[in-house]
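Here the structure comes first, spelled out in structure tokens, and everything after it is commentary.
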Ligand SMILES: [Zn+2]
């Protein structure tokens, strides 16, 4: 339901404060202020979904944008160029840590406020939703004193939460931890955090070079975005440092390829890489109202194929006064790869992508994102629909190695007939080529 403000009587200062505090209390991750022709629309993102929040009359729009620009430290006389800002304040008893971005569109300035919330990362890696097997792998990889660990996923998949949780576990008195970040998303006591500033030339790469002269044990790099940073990160990790970073890729295999595309030397990468944690966030079923139902034939087939076991019942979203739409909060789906000697050899020997894929997914004990997701469906944490919405074509190619090696499938045919929403009507009991089917699914932003 839309919130309605008395714009005639309440000062815009108070309205802006109210919106920021309220969105934060509702657990929103972002607030969008969209200029439209007739009014400005405000939307908030909760559990990954944007919902309408309020409508601001055009007469108030300008004041509202100006107010946000002032408190986030932007130049209010500049409205033709994009600007970034930040707000760190306690308003009405609520601590707010916000990143603000302003973008001139054809309809006027659009503002997006990102709400940083680190309550999750304070609870530790035990609370991140890892399966027992994945959790043990993560503990193993962070106990290696040197090497590089990468957390991968798209924007908004909880990479920072995972990285901060690992850092907190490693944060001990006898350890020198230095980070270079953009932005610093959370202050951690006892850790030296550096904010990059490209305007004065303090990039990830330049900061990293200085950090290496500061006798660090552990280095956290907010994100590896370019070749130079990738190379320094890898070199740092083979000279006795534990390096932790994130990459914008969606699974282990793509991550290795991305780093090689960034011209990291194969022999260095093969000895540096310790592990890769890939993740996505699925909406979690509301425990109050989730409803059990028998699995459909199609779902049964997929469970059988992907998990190798029969699953007779799943849960679906219902909706109640607590959750609204049947979902409440989110749970991570993960793929954790501990780099084996075979994979190291494969990376340095420049084997073909298909063979590397076979090594990573075919013969290793990796649980793919799809497998982890379906395990979490079977356990009643989330829904079948939610997981299939999230798993992309690429992830799924990885599954084919695992489950379809011996099945000769006519993919073209499947592409034409399969649709995950409606069970396949053909006689084929097992619609082969999950990748093809998933290609028809819209993927979550
Ligand atoms: Zn509910």
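Numbering (my numbering), first residue to last: -13 to 431.
Built from N, CA and C at the ideal position, the CB exists for glycine as well.
Keep in mind that this is a model prediction, so the values were computed, not measured.
Exercise. When the Cα atoms are used, what is the spatial distance from residue 233 to residue -6?
Worked result: On the chain shown, position 247 is the one that residue 233 refers to. On the chain shown, position 8 is the one that residue -6 refers to. When rounded, the distance between both Cα atoms is 47 angstroms.
Exercise. Sorry if obvious, but does the Cβ on residue 306 come closer than 7 angstroms to a heavy atom of ligand 1?
Worked result: Within the chain shown, residue 306 is the residue found at index 320, counting from 1. Yes; taking the cut-off as 7 angstroms, the Cβ of residue 306 has a heavy atom of ligand 1 nearer than that.
For this session: Quick one: grab the DSSP three-state call for residue 75.
Result: Locating residue 75 in the chain shown gives position 89, where the first residue counts as 1. Note: residue 75 maps to strand in three-state DSSP.
Problem set entry | Contact test: residue 274 Cβ vs ligand 1 heavy atom, cutoff 7 angstroms | To locate residue 274, count along the chain shown from 1; it is residue 288. Under cutoff, so the answer is yes.
For this session: Assuming residue 163 and residue 128 form a contact by the criterion Cβ under 8 angstroms, report the distance between their Cβ atoms to the nearest whole angstrom.
Result: Stepping through the chain shown from its first residue, residue 163 is reached at position 177. Stepping through the chain shown from its first residue, residue 128 is reached at position 142. Rounded, the Cβ-Cβ distance is 12 angstroms, inconsistent with contact.
For this session: Kindly list the residues whose CB is nearer than 8 angstroms to the CB of residue 276, restricted to its own chain and excluding five residues on each side of it in sequence; keep chain order.
Result: Taking the first residue of the chain shown as 1, we reach residue 276 at position 290. Only 301, 302, 303, 304, 312, 366 meet the Cβ criterion.
Exercise. Mind checking residue 118: buried by the 16 CB within 10 Å criterion, or exposed?
Worked result: What you label residue 118 is simply residue 132 of the chain shown in a count that begins at 1. With fewer than 16 Cβ atoms within 10 Å of its Cβ, residue 118 is classed as exposed.
Exercise. If you run the structure through DSSP and keep just helix, strand and coil, what is residue 326?
Worked result: Here residue 326 is taken as the residue at index 340 of the chain shown, counted from 1. Note: residue 326 maps to coil in three-state DSSP.
Exercise. Heavy atom of ligand 1 less than 7 angstroms from the Cβ of residue 312, yes or no?
Worked result: Numbered from 1 along the chain shown, position 326 holds the residue referred to as residue 312. It does: the Cβ of residue 312 is within 7 angstroms (strictly closer) of some heavy atom of ligand 1.
Exercise. Hey, would you say the C-beta of residue 88 is under 7 angstroms away from at least one heavy atom of ligand 1?
Worked result: Counted from its first residue, the chain shown places residue 88 at position 102. Closer than 7 angstroms to some heavy atom of ligand 1: that does not describe the Cβ of residue 88.
Exercise. Between residue -2 and the rest of its own chain, which residues show a CB-CB distance below 7 angstroms, the 5 nearest in sequence each way excluded?
Worked result: Counting from one through the chain shown, the residue named residue -2 turns up at place 12. Non-local beta-carbon contacts of residue -2 in its own chain, meaning distances under 7 angstroms to residues more than five positions away in sequence, involve 46, 49, 50, 53 in chain order.
Problem set entry | Boundaries of the alpha helix (DSSP H) in which residue 46 is found, first to last residue | Here residue 46 is taken as the residue at index 60 of the chain shown, counted from 1. Its alpha helix (DSSP H) spans residues 44 to 57.
Exercise. Touch check for the stretch 288 to 298 and the stretch 120 to 127: three-plus C-beta pairs under 8 angstroms?
Worked result: These segments do not touch.
Problem set entry | Member of 66, 65, 342, 96 whose CA lies at the smallest distance from the CA of residue 28 | Here residue 28 refers to the residue found at position 42 of the chain shown. Nearest of 66, 65, 342, 96 to residue 28, Cα basis: 96.
Exercise. Residue ranges of each beta strand (DSSP E) run of no fewer than 3 residues wholly in the stretch 114 to 166, ordered along the chain?
Worked result: Runs of the beta strand (DSSP E) lying entirely within the stretch 114 to 166 and spanning at least 3 residues, in chain order: 133 to 138.
Exercise. Are at least three pairs of beta-carbons, each pair with one atom in the stretch 266 to 286 and one in the stretch 332 to 342, less than 8 angstroms apart?
Worked result: Judged by Cβ distances under 8 angstroms, the stretch 266 to 286 makes no contact with the stretch 332 to 342, as fewer than three pairs qualify.
Exercise. If you check the beta carbons only, do residue 229 and residue 219 fall under 8 angstroms apart?
Worked result: For the purposes of this step, residue 229 is taken as the residue at position 243 of the chain shown. For the purposes of this step, residue 219 is taken as the residue at position 233 of the chain shown. In this structure, residue 229 lies near residue 219, with their beta-carbon atoms less than 8 angstroms apart.
Exercise. In the structure shown, what three-state DSSP assignment does residue 261 receive?
Worked result: As a working note, residue 261 is residue 275 in the chain shown. Judged by DSSP in its simplified three-state form, residue 261 adopts strand.
Exercise. So, residue 34 versus residue 195, is the Cβ gap smaller than 8 angstroms?
Worked result: Sequence index remark: in the chain shown, residue 34 carries index 48 (1-based). Sequence index remark: in the chain shown, residue 195 carries index 209 (1-based). No.
Exercise. In this structure, what does DSSP give as the bridge partners for residue 273?
Worked result: Taking the chain shown and counting its residues from 1, one reaches residue 273 at position 287. DSSP, once it has assigned bridges, lists no residue as partnering residue 273.
Problem set entry | Endpoints, the beta strand (DSSP E) within which residue 363 is located | One-based indexing of the chain shown puts residue 363 at position 377. Boundaries for residue 363: no beta strand (DSSP E) harbours it, while the alpha helix (DSSP H) harbouring it runs 355 to 364, taken from the DSSP string.
Exercise. By Cβ distance, which residues of its chain are closer than 6 angstroms to residue 399, with the 5 residues on each side in sequence left out?
Worked result: Stepping through the chain shown from its first residue, residue 399 is reached at position 413. Only weak support is given to the placement of residue 399: the predicted model assigns it a pLDDT of 33, under 50, and the question is left unresolved by the model.
Problem set entry | residue 226 versus residue 324: straight-line alpha-carbon distance, rounded | Sequence index remark: in the chain shown, residue 226 carries index 240 (1-based). Sequence index remark: in the chain shown, residue 324 carries index 338 (1-based). Cα-Cα distance, rounded: 19 angstroms.
For this session: Go through its chain and collect everything with a Cβ distance to residue -8's Cβ below 8 angstroms, but skip five positions before and after it.
Result: In the chain shown, the residue the question calls residue -8 occupies position 6. Annotation for residue -8: no residue places its beta carbon closer than 8 angstroms to its own, counting only its chain and skipping 5 residues before and after.
For this session: With residue 99 as the anchor, note down where its beta strand (DSSP E) starts and where it stops.
Result: The count along the chain shown starts at 1 and reaches residue 99 at position 113. Unbroken beta strand (DSSP E) run through residue 99: 94 to 101.
Problem set entry | Which of helix, strand or coil DSSP assigns to residue 311 | As a working note, residue 311 is residue 325 in the chain shown. DSSP places residue 311 outside both helix and strand once states are collapsed to three, so it counts as coil.
Exercise. So is residue 404 buried or exposed if we call it buried at 16+ other beta carbons inside 10 Å?
Worked result: Position 418 of the chain shown, counted from the first residue, corresponds to residue 404. Caution applies to residue 404, whose pLDDT of 34 falls short of 50 and renders its modelled position unreliable; the model cannot decide the point.
Exercise. At which residue ranges does the stretch 180 to 245 contain complete beta strand (DSSP E) runs of 3 or more residues, listed in the order of the chain?
Worked result: Counting whole runs of 3 or more residues, the stretch 180 to 245 contains the beta strand (DSSP E) stretches 204 to 207, 228 to 233.
Problem set entry | Sequence-distant residues of its chain with Cβ nearer than 8 angstroms to residue -13 (five each side left out) | Counted from its first residue, the chain shown places residue -13 at position 1. A distance below 8 angstroms between beta-carbons, with the five flanking residues on each side excluded, links residue -13 to no residue of its chain.
Problem set entry | Contact set for residue 188: own chain, Cβ-Cβ below 7 angstroms, skip 5 residues either direction | By 1-based counting over the chain shown, the position of residue 188 is 202. The answer, listed in chain order, is 182.
Problem set entry | Unbroken beta strand (DSSP E) run spanning residue -4, endpoints | Translated into positions along the chain shown, residue -4 becomes position 10. For residue -4, there is no enclosing beta strand (DSSP E), as DSSP gives it neither H nor E.
Exercise. Thinking just about the alpha-carbon of each residue, which of 358, 236, 211, 221 is nearest to the one in residue 289?
Worked result: Against the chain shown, residue 289 aligns to sequence position 303. Taking the Cα of residue 289 as reference, the smallest distance to any Cα among 358, 236, 211, 221 is reached at 358.
Problem set entry | Span of the alpha helix (DSSP H) around residue 283 | Stepping through the chain shown from its first residue, residue 283 is reached at position 297. Note, residue 283: alpha helix (DSSP H), 283 to 293.
Problem set entry | Pair within 8 angstroms by beta-carbon distance, residue 239 and residue 373 | Residue 239 sits at position 253 when you count from the first residue of the chain shown. Residue 373 sits at position 387 when you count from the first residue of the chain shown. Taking the C-beta atoms as reference points, residue 373 is found no nearer than 8 angstroms to residue 239.
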